[in-house]
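Step one of this worksheet: look at the structure below.
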Amino acid sequence: GRGAFYSAQVERVTLPEGLTNIQKEAFNGCFALRSVSLPESLQSIGDSAFDWCRSLTEITLPEGLRTIGCHAFESTGLTALKLPESLEEVGHGAFLSNEKLQEVTLPKNLRVIPIDMFYGCSELEKAVLPEKLERLEASAFAFCEALTEIDLPEGVQFLGRNAFERCSFASICIPLVIIVPNIMMVQPPRTDSGRDAKKFPTGGRSPARIMQPAPVIIVNLLTTFVIASSPTFWEKDVTGGQPTKEDNEDA
């Protein structure tokens, strides 16, 4: 049941085949826990199930696992993570503050990376995003200060507020995407440059338009800003001023 082994001084756990669900807070606060063997029958891991298991440095999540709850692995000692292809849903903050986590591979069919999923994973250097990703929610990779590059899949439609706050990108490629208000909005390239073309960033032969100024916390570490509308639409030296309120109203 819930909190069954809360703060227990246990170092190794082997869960039996046939178990389909690990309840909320089942091993929360088990600071000495170093090894966990999960059954192939497992389908869900509850909220905060392994929260604050600081000695847990590795875990194999079985194929067949469908859901991971909120804060399920917050503040563990995990150094690498590969999520199973069967995974359909992840709760917010699931891997928040895993300060030793260096590499993450997400399943290709996962469509949403939730709020705070990897917030504060300060040593994270590599993140392989799902091919079918559609939404990357607020602060998903915020304060991942070792993350220097990211490849956003072509199908991404939404980037949440502060999604990459304090990341150390040297460059970033953004597909055709709409980002929440007050962050940034990139619209399809226009067929003609228009009278205010020089004020807008351009890529290839047609200008793209940044409708909202990006806050300093998002772009203060960027040295190259890349806008892409398709796999063949690339421009390394995008330049131009931000449009004024009047420019936006005229568009």
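According to the working numbering, the sequence shown holds residues 26 to 276 in order.
All residues carry an ideal CB built from backbone N, CA and C; glycine is no exception.
### Query
I think Gly71 touches Ile47, with their Cβ atoms under 8 Å apart; what is that distance to the nearest whole Å?
In the sequence shown, residue 71 corresponds to position 46, counting from 1. In the sequence shown, residue 47 corresponds to position 22, counting from 1. Indeed they touch by this definition, with Cβ atoms about 6 Å apart.
Excluding the 5 residues flanking Pro295 on each side, which residues of the same chain have their C-beta closer than 6 Å to its C-beta? For the chain, the structure presents residues 26 to 276; residue 295 sits outside this window and is missing.
Would you kindly work out how many angstroms separate the C-alpha atoms of Ser69 and Ser111, rounded to a whole number?
Taking the first residue of the sequence shown as position 1, residue 69 is located at position 44. Taking the first residue of the sequence shown as position 1, residue 111 is located at position 86. Computed Cα separation, rounded: 11 Å.
Considering only DSSP beta bridges, list what Lys157 is partnered with.
Here the question's residue 157 lines up with position 132 in the sequence shown. BP columns for Lys157 are empty, so no partner.
For Glu156, does the count of other Cβ atoms within 10 angstroms reach 16, so buried, or fall short, so exposed? Here residue 156 refers to the residue found at position 131 when the sequence shown is read from its first residue. Exposed.
Q) Of the residues Asp76, Val35, Glu36, which one's Cα is nearest the Cα of Glu50? A) Taking the sequence shown and counting its residues from 1, one reaches residue 50 at position 25. Cα-wise, what sits closest to Glu50 is Asp76.
> Start and end of the beta strand (DSSP E) containing Ala105?
Replying inline: As a first step, residue 105 must be located in the sequence shown, where it is residue number 80. It spans 105-107 - the beta strand (DSSP E) in which Ala105 sits, taken as one unbroken run.
In terms of residues, what are the limits of the beta strand (DSSP E) holding Arg191?
Position 166 of the sequence shown holds residue 191. Premise fails: Arg191 is in no beta strand (DSSP E) and is neither H nor E.
Worksheet item: Taking all protein chains shown into account, do 16 or more other C-beta atoms lie within 10 angstroms of the C-beta of Thr104, making it buried, or fewer, making it exposed?
Response: The sequence position of residue 104 within the sequence shown is 79, counting from 1. Exposed.
Next on the checklist: Can you tell me whether Phe30 is helix, strand or coil according to DSSP?
Outcome noted: Residue 30 sits at position 5 when you count from the first residue of the sequence shown. Coil at Phe30, not helix or strand.
Beta carbon of His117, beta carbon of Cys146: below 8 Å?
Counted from its first residue, the sequence shown places residue 117 at position 92. Counted from its first residue, the sequence shown places residue 146 at position 121. Going by C-beta atoms, His117 is not nearer than 8 Å to Cys146.
Q. Roughly how many angstroms separate the alpha carbons of Glu150 and Thr45, rounded to a whole number?
A. Translated into positions along the sequence shown, residue 150 becomes position 125. Translated into positions along the sequence shown, residue 45 becomes position 20. Each residue's Cα considered, the two are about 33 Å apart.
To the nearest angstrom, how far is it from the Cα of Glu162 to the Cα of Cys55? Sequence index remark: in the sequence shown, residue 162 carries index 137 (1-based). Sequence index remark: in the sequence shown, residue 55 carries index 30 (1-based). Roughly 29 Å between the two C-alpha positions.
- Under 8 Å between C-beta atoms of Glu113 and Thr130: Within the sequence shown, the letter at position 88 stands for residue 113. Within the sequence shown, the letter at position 105 stands for residue 130. No, the Cβ-Cβ distance between Glu113 and Thr130 is not below 8 Å.
* Asked: Looking only at C-alpha atoms, which of Pro109, Leu154, Arg37 sits nearest to Asp176?
  -> For the purposes of this step, residue 176 is identified with residue 151 of the sequence shown, where counting begins at 1. It is Leu154.
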